[in-house]
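Before any comments, here is the structure.
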Amino acid sequence: MTTFAMSDLREPEVGLPSGGASGGPVEAAIADARLVDAARQGDRDAFGHLVTRYERRLVSVILRFVHDVELARDLAQETFLKAYQRLDQFDPSRRFGPWLFRIGVNQTLDYLRRRSRRGWISLFTDAGTERQPDPAVPDPRERIDLEQEVRLILDMIPEKYRTVLVLRDLENFSSSEIAAILHRKEATIRWRLAEARNRFQKLWERRRGAPVATIDPAESTEDELPNS
Amino acid sequence: MNCRIPDAELELALAVGGDADPETRARILRHVETCESCRRAWQALEQSQAALQRAARLAPPELPPGESLAACVLHRIARLASAQAAPRTPTGWSPLEPHAPPSMVLGWIPSALLAAASIMLLVYSAATPMAPAPSAPAARSPAGVADAGRGSTFRGVSIDHLLRHVNREGHLVPIHPGVSDFGPRATPFNGVLPQSDLQPVQWLSRSY
Numbered sequence: 001m002t003t004f005a006m007s008d009l010r011e012p013e014v015g016l017p018s019g020g021a022s023g024g025p026v027e028a029a030i031a032d033a034r035l036v037d038a039a040r041q042g043d044r045d046a047f048g049h050l051v052t053r054y055e056r057r058l059v060s061v062i063l064r065f066v067h068d069v070e071l072a073r074d075l076a077q078e079t080f081l082k083a084y085q086r087l088d089q090f091d092p093s094r095r096f097g098p099w100l101f102r103i104g105v106n107q108t109l110d111y112l113r114r115r116s117r118r119g120w121i122s123l124f125t126d127a128g129t130e131r132q133p134d135p136a137v138p139d140p141r142e143r144i145d146l147e148q149e150v151r152l153i154l155d156m157i158p159e160k161y162r163t164v165l166v167l168r169d170l171e172n173f174s175s176s177e178i179a180a181i182l183h184r185k186e187a188t189i190r191w192r193l194a195e196a197r198n199r200f201q202k203l204w205e206r207r208r209g210a211p212v213a214t215i216d217p218a219e220s221t222e223d224e225l226p227n228s
Numbered sequence: 229m230n231c232r233i234p235d236a237e238l239e240l241a242l243a244v245g246g247d248a249d250p251e252t253r254a255r256i257l258r259h260v261e262t263c264e265s266c267r268r269a270w271q272a273l274e275q276s277q278a279a280l281q282r283a284a285r286l287a288p289p290e291l292p293p294g295e296s297l298a299a300c301v302l303h304r305i306a307r308l309a310s311a312q313a314a315p316r317t318p319t320g321w322s323p324l325e326p327h328a329p330p331s332m333v334l335g336w337i338p339s340a341l342l343a344a345a346s347i348m349l350l351v352y353s354a355a356t357p358m359a360p361a362p363s364a365p366a367a368r369s370p371a372g373v374a375d376a377g378r379g380s381t382f383r384g385v386s387i388d389h390l391l392r393h394v395n396r397e398g399h400l401v402p403i404h405p406g407v408s409d410f411g412p413r414a415t416p417f418n419g420v421l422p423q424s425d426l427q428p429v430q431w432l433s434r435s436y
């Protein structure tokens, strides 16, 4: 039976792969690989450790899409269950985190698509997600306004751009991590990210009543922007 | 984007979120200083990006401290494993399996075909014109019942009793609301069913 040091089992802090206090991404990836290998050999406790490592981050990411804690927990459970059932399909030469988050994001988006087709969003979204001010917090109105405003605008952006924007700017995944999660080339992710930011900016200004900023060709100089 | 520089809007959007390398970002900032429209676009992007970053810091509520999904997940895994180890149902399908086997998915087809055939038969029957048959006796209907439709036949068999029912006032009235001729001339129901209603429906056994 494989044994694990406690430092290997710490919860991921930021980004992927999970970096515990013991070291950086490489150490975390190695720890993941050991846990996955043990789980594939039937060690359910090892899979339990993987759940513990990733559950908070996964719930947090799913919450950015569904805005409902209980639903996010259910979807996270389903994600882990699905990951366990597909462990034999996992390529051990790759990192476990992006693979897990790919299952989670795809499942969440599938759920939202099904719900959207049934027309539930228009019926229940507003009523279910608007939060009342909490008297324990000094003045939560600004926070609630900002959350709802950002969420409203995000909902107006097409899914393929919104997903990248949420993962990059709200959940702080890197472009390469998002590429691994969404199974797309990093160049595609960067293009979608730029497009998503521009769309968000235009909608944000429109909501705020400000004129939308555009670039006038007559005012532009001949300076060449570098290709990144 | 209207700037002459190709992909200026995309480059600005990447740089404003810290997704351009330092050299690229520095060159973009130099360009923004000399280009009024790009400067406006940059400032607008900075504002919307700041809003996104504020929203990102407002972390959504997550799992309470000390609470874990691991126990639930492992319990479900154990239940799934025991269900898979248990003897299968006669159909070979286990209710805990995530996907129904093809036999379950395709099992509705015979029922659907039967239902479709029944509907087609009903529609065909309703669309067939009802011509009075010379041999159909008009006396099958009770006395006083409306003349319209009286003696109507479906392929030689009277359908009078199919067109009427007794309403709350005890009148024999047509079932189909569009057959208004029956209404005014309906007669009170005297408690005795017409002879035609008591006779076995013979046309059901006939072959066509």
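Line by line, the protein sequences are chains X and F.
Position one of the first sequence corresponds to residue 1 (this note's numbering), numbered consecutively onward.
Position one of the second sequence corresponds to residue 229 (this note's numbering), numbered consecutively onward.
All C-beta atoms in this analysis are idealised placements derived from N, C-alpha and C, irrespective of residue type, glycine included.
Just so you know, these numbers come straight off a predicted model, no measurement behind them.
- Contact annotation for F/Gly245 against chain X: Arg168, Asp169, Leu193, Arg197 [CB-CB distance below 8 Å, chain order].
- Here the alpha carbons of F/Pro234 and F/Thr252 stand approximately 15 Å from one another.
- F/Ile305 has a beta carbon lying within less than 9 Å of a beta carbon in chain X.
- About 6 Å separates the beta carbons of X/Gln77 and F/Leu297, which is inside the 8 Å limit, making them a contact pair.
- Within the same chain, Cβ atoms closer than 7 Å to the Cβ of X/Met156 are found at Leu203, the five residues on either side in sequence being excluded.
- Around X/Thr108, the same chain offers Ile62, Phe65, Leu75 as residues with beta carbons nearer than 6 Å, after the five sequence neighbours per side are excluded.
- By the criterion of a C-beta distance shorter than 7 Å, X/Lys185 is surrounded in its chain by Ala179, once the five residues flanking it on both sides are discounted.
- Contact between the segment 97 to 105 of chain X and the segment 49 to 60 of chain X is present, with at least three C-beta pairs closer than 8 Å.
- Pairing F/Ala272 with X/Ser176, the inter-Cα distance amounts to about 26 Å.
- About 7 Å separates the Cβ atoms of F/Ala283 and X/Leu170, confirming a contact at the 8 Å cut-off.
- The C-alpha of F/Cys266 is placed about 49 Å away from the C-alpha of X/Leu87.
- Restricting attention to X/Pro92, X/Phe80, X/Ile153, X/Tyr84, the CA atom closest to the CA of X/Asp32 is found in X/Pro92.
- Contact note: X/Thr188 does not reach chain F at a C-beta cutoff of 7 Å; the least C-beta distance is about 13 Å.
- Between X/Tyr161 and chain F, the shortest Cβ-Cβ separation is not below 9 Å.
- Excluding its 5 nearest sequence neighbours in each direction, X/Arg207 has C-beta neighbours in its own chain below 7 Å: Glu149, Ile153, listed in chain order.
- With at least 16 other beta carbons inside 10 angstroms of its own, X/Val105 counts as buried.
- Per DSSP, the continuous alpha helix (DSSP H) segment holding X/Asn106 begins and ends at 96 to 117.
- Note on geometry: alpha-carbon atoms of F/Ala343 and X/Lys82 lie some 37 Å from one another.
- Approximately 11 Å separates the beta-carbon atoms of F/Leu242 and F/Ala236; this is outside 8 Å, ruling out the contact.
- Contact with chain F is absent for X/Val36, since none of that chain's Cβ atoms lies less than 9 Å from the residue's Cβ.
- For F/Ser296, the nearest CB of chain X lies under 9 Å from its own CB, placing it at the interface with that chain.
- Contacts between X/Arg44 and chain F, judged by CB atoms closer than 9 Å, involve Leu302, Ile305, Ala306, Ala309 in chain order.
- Looking only at F/Ile256, F/Gln275, F/Ser353, the smallest Cα-Cα distance to X/Asn198 is reached by F/Gln275.
- By the beta-carbon neighbour count (other beta carbons within 10 angstroms, threshold 16), X/Gln41 is exposed.
- Taking the Cα positions, X/Tyr161 is about 26 Å away from F/Arg255.
- The beta carbon of X/Gln85 falls within 9 Å of a beta carbon belonging to chain F, placing the residue at that interface.
- Short of 8 Å from the beta carbon of X/Tyr84, and not among the five residues preceding or following it, lie these beta carbons of its own chain, in chain order: Ala39, Phe47.
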